[in-house]
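Residue numbers 96 to 336, in the working numbering, belong to the letters of the sequence shown in order. Read the structure below first, then the notes.
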Amino acid sequence: MNSSIRLGLNAIHVWRASLEIKKKDIQVFKRLLTPDEKERADRFCFEKDQANFITGRAILRTLLGRYTNQSPADIKFKYNSYGKPLLKKQVQSPPFNFNLSHSGGKVLYAFSRGIPLGIDLEKMKPDIDFAAIAQRFFSHGEVSSLFSLKKSDRVEAFYACWTRKEAFIKAMEMGLSLELDKFNVSLRPGEPARLISIKSQNQNTRNWSLYDLNVFRGFKACLAVRSRNIIISYYLWDSTC
Ligand SMILES: CC(C)(COP(=O)(O)OP(=O)(O)OC[C@H]1O[C@@H](n2cnc3c(N)ncnc32)[C@H](O)[C@@H]1OP(=O)(O)O)[C@@H](O)C(=O)NCCC(=O)NCCS
96 MNSSIRLGLN AIHVWRASLE IKKKDIQVFK RLLTPDEKER ADRFCFEKDQ
146 ANFITGRAIL RTLLGRYTNQ SPADIKFKYN SYGKPLLKKQ VQSPPFNFNL
196 SHSGGKVLYA FSRGIPLGID LEKMKPDIDF AAIAQRFFSH GEVSSLFSLK
246 KSDRVEAFYA CWTRKEAFIK AMEMGLSLEL DKFNVSLRPG EPARLISIKS
296 QNQNTRNWSL YDLNVFRGFK ACLAVRSRNI IISYYLWDST C
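Here it is in structure tokens:
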């Protein structure tokens, strides 16, 4: 299946894929990458990280090719000053946006037209030292909400908070230059994902929506979009795509 894919104006497409690919397919994927991407792949110390990067980038190119009617190898990226990859040449109006996240051998991609978005995926590790990470990166409000929960709920709430915050900073395109303790997201079990408050950045919480994505067992994932009115569709990428 290599046909083009249409993306409506209020639509967000979320694709999920496994990065565990056969060795022979990795060589095929590598041919889709540019010399600088191949160099980046070669800089990974471990073969597995190298294979994951090649696979994740080749799937991204394949999907972008189908959305924008280009050959995957012809797609050119540019990077903003915070490292976010964007399409160098926009052939559609409103412009085509994408973001991706990988963790634990899985990858998630999100695509939109004109709607700023960010996505984050994390494999949950039950023995993570979440208290130290939360105290370092979360806001005071988030830390106190987290520690008010019963112990058995804390690891999952920690990952809910983490992925919601990361998805939001990725949508803002600013990486870690947007201080993580300057905005609050929900984290309590059963509470819908939402941006509760934000200091400065000329942002209004009412313009933003957060969506938890339950796409892989044992993972947490979140999509952040600057829109109140979207329809999300979910797709699974496999080698027939
Ligand atoms: C960009 C950033 C958010 C990457 O996050 P990450 O969790 O390491 O990695 P993810 O897999 O989720 O995302 C990586 C992808 O995001 C994209 N990306 C890179 N810079 C980005 C930016 N500034 N904004 C949005 N997306 C970005 C890229 O496509 C990248 O994949 P690629 O390198 O294969 O192309 C980075 O700022 C970071 O290091 N965050 C860690 C923050 C942290 O310590 N949080 C603690 C808990 S809240």
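Quick reminder that beta carbons are idealized off the backbone N, C-alpha and C, glycines included.
- prompt: Less than 7 Å between the CB of Trp332 and some heavy atom of ligand 1, yes or no?
  reply: no
- prompt: What are the start and end residues of the alpha helix (DSSP H) that includes Arg259?
  reply: Where Arg259 is concerned, the enclosing alpha helix (DSSP H) stretches over Lys246 to Ala266.
query: Near Glu251, what residues of its chain come up, given a Cβ to Cβ distance below 8 Å and the 5 sequence neighbours on each side ignored?
result: Met219, Pro284 and Lys315
message: Rounding to the nearest angstrom, what Cα-Cα distance links Glu142 and Asp120 in this structure?
response: 14 Å
query: Taking the continuous beta strand (DSSP E) assigned at Asn279, which residues delimit it?
result: Phe278 to Val280
- prompt: For Glu217, which three-state DSSP category applies?
  reply: strand
- prompt: So is Leu104 buried or exposed if we call it buried at 16+ other beta carbons inside 10 Å?
  reply: exposed
message: Do Arg111 and Phe311 have their beta-carbon atoms positioned less than 8 Å apart in this structure?
response: yes
- prompt: Hey, would you say Val202 sits closer than 8 Å to Leu195, going by beta carbons?
  reply: yes
query: Just to confirm, are Val280 and Glu237 a CB contact at a threshold of 8 Å?
result: yes
message: Using the Cβ count rule (16 or more neighbours within 10 Å means buried), how would you classify Arg138?
response: exposed
query: Is the distance from the Cβ of Lys260 to the Cβ of Ile214 below 8 Å?
result: In terms of Cβ geometry, Lys260 and Ile214 do not form a close pair [threshold 8 Å].
query: Since Val320 is in the beta strand (DSSP E), which residue starts that stretch and which ends it?
result: Phe314 to Val320
- request: Just the C-alpha distance for Ser240 and Ile293, rounded to the nearest angstrom, thanks.
  value: Computed Cα separation, rounded: 17 Å.
- prompt: Does the Cβ of Pro167 have 16 or more other Cβ atoms within 10 Å, making it buried, or fewer, making it exposed?
  reply: Counting the other Cβ atoms within 10 Å of the Cβ of Pro167 gives 16 or more, which makes it buried.
message: Can you determine whether any heavy atom of ligand 1 sits closer than 7 Å to the C-beta of Pro180, and answer yes or no?
response: yes
- prompt: Looking at Arg161 and ligand 1, is the gap between the Cβ and the nearest heavy atom below 7 Å?
  reply: Flag unset: Cβ of Arg161 not near ligand 1.
- prompt: Buried or exposed: Cys256, going by 16 or more other Cβ atoms within 10 Å of its Cβ?
  reply: With 16 or more Cβ atoms within 10 Å of its Cβ, Cys256 is classed as buried.
- prompt: Three-state secondary structure (DSSP) at Asp224?
  reply: Coil, per DSSP.
task: Would you kindly work out how many angstroms separate the C-alpha atoms of Arg101 and Pro189, rounded to a whole number?
output: Their Cα atoms are separated by approximately 13 Å.
task: Under 8 Å by Cβ, that's how I've got Ile107 and Ala205 pegged, so tell me the actual separation to the nearest angstrom.
output: 6 Å
- request: May I ask whether a heavy atom of ligand 1 can be found less than 7 Å away from the beta carbon of Lys171?
  value: no
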